[in-house]
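K.L.:
Pasting in a structure now, in structure tokens, and then I'll have a few things to ask.
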Amino acid sequence: MEVSARLTTGAEIYPHRGDLIGIAFWKCDGCKGHVGTHGKRKHDPKAPLGVIPTPELRDARQKIHALLDPLWRNGRFKRSQLYARISLEFGRDYHTGELRTIEEARTVWRIVKAIEAEPPTSSKENHHRG
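Here you go:
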């Protein structure tokens, strides 16, 4: 679903988060949804990080991150290798913000749950953060 969005800042989206005040976001005034930007990219800092989700899809994405992020934050996997593996199993380049449907989110959830359930092995895991 296409939405009309405008560029704003974290001061509007997350007024209680001082660390996000100057960060750019795209916001749809109709549905009140929003998505962050690639603010650190020199060539296109205002490019959206993905698509503006429905509330249900936003919740699904947050749940995926809650499951996915500890796998690389605790050093069990390198982040880049984990995302590459998800991409391979998902069948396209994976970024949580690019999930457009609940079905896509469910597919990624199943992939990440399967990875999480695997026993640690030195051939699949790398104990360096990435």
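Per the numbering used here, residue 605 is the first one in the sequence shown, and the count goes up by one each step. Virtual Cβ for every residue (Gly too), placed ideally from N, Cα, C.
Under three-state DSSP, which class holds P659?
P.N.:
helix
K.L.:
What do you reckon, are the CB atoms on L675 and E708 nearer than 8 Å?
P.N.:
No, the Cβ-Cβ distance between L675 and E708 is not below 8 Å.
K.L.:
From K717, P723 and G701, pick the residue whose C-alpha is nearest to that of V655; which is it?
P.N.:
G701
K.L.:
Which same chain residues end up closer than 8 Å to Y698 when comparing Cβ atoms and leaving out the 5 residues on each side of it in sequence?
P.N.:
If we look at Y698 and ignore the five residues flanking it on each side, its Cβ neighbours are Y687, I690, S691 and V712.
K.L.:
Quick one: what's got a C-beta closer than 8 Å to H732's C-beta in the same chain, skipping five residues either side?
P.N.:
Low local confidence applies: a pLDDT of 48 at H732 is under 50, so the model's placement there is unreliable, and no value is given.
K.L.:
Which of the three DSSP states is assigned to P652 in this structure?
P.N.:
strand
K.L.:
Consult DSSP for F681 and reduce its assignment to one of helix, strand or coil.
P.N.:
coil
K.L.:
By the three-class DSSP mapping on this structure, what secondary structure does T705 have?
P.N.:
Correct three-state label for T705: coil.
K.L.:
Please confirm if F629 has its CB atom under 8 Å from at least one CB of chain C.
P.N.:
Going by chain labels, chain C is absent from the structure shown, which holds only one protein chain.
K.L.:
Which value, in whole angstroms, describes the spacing of the CA atoms of L671 and R665?
P.N.:
10 Å
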